[in-house]
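Chemist: Here our numbering is used: the first residue of the sequence shown is 7, the next is one more, and so on. Here a beta-carbon is modelled for each residue, glycine too, at the ideal position from N, C-alpha and C.
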Amino acid sequence: MAAVPGFVRGRAEFVADCLRARGASPEAALTGATLLNAAYSGLEKGLLVTGGRERAEAGLEALCTWVDTLTRPEHR
7 MAAVPGFVRG RAEFVADCLR ARGASPEAAL TGATLLNAAY SGLEKGLLVT GGRERAEAGL
67 EALCTWVDTL TRPEHR
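Structure (structure tokens):
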């Protein structure tokens, strides 16, 4: 079970590194990565359980728009 928290933390750090490379501050990047991973997992689960592709795709579009705000100057 100890491997799971390490995997989740590693995934968040990987995504945070990507956000920092695009200009996000370290704080905004790690918090944003944590939220992004959770939201993406929720969208994926919702699609698999309900088959609601249009809703999942709309949610993904909104999520991508939000993630782009993390790399704006006010988050650096």
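Under the rule that 16 or more other beta-carbon atoms within 10 Å means buried, what is residue 26, buried or exposed?
Modeler: With 16 or more other Cβ atoms within 10 Å, it is buried.
Chemist: In or out: residue 49 buried (at least 16 other Cβ within 10 Å) or exposed?
Modeler: Answer is buried; the Cβ neighbour count reaches 16.
Chemist: The alpha helix (DSSP H) that contains residue 28, what's its start and end?
Modeler: That residue, residue 28, is in no alpha helix (DSSP H); it is neither H nor E in DSSP.
Chemist: Are there three or more Cβ pairs, one per stretch, closer than 8 Å when the region 56-69 is compared with the region 28-38?
Modeler: These segments do not touch.
Chemist: With respect to the alpha helix (DSSP H) encompassing residue 71, which residues constitute its N-terminal and C-terminal limits?
Modeler: Here the alpha helix (DSSP H) through residue 71 covers 59-75.
Chemist: On the criterion of 16 or more Cβ atoms from any shown chain inside 10 Å, does residue 73 qualify as buried, or is it exposed?
Modeler: With 16 or more Cβ atoms within 10 Å of its Cβ, residue 73 is classed as buried.
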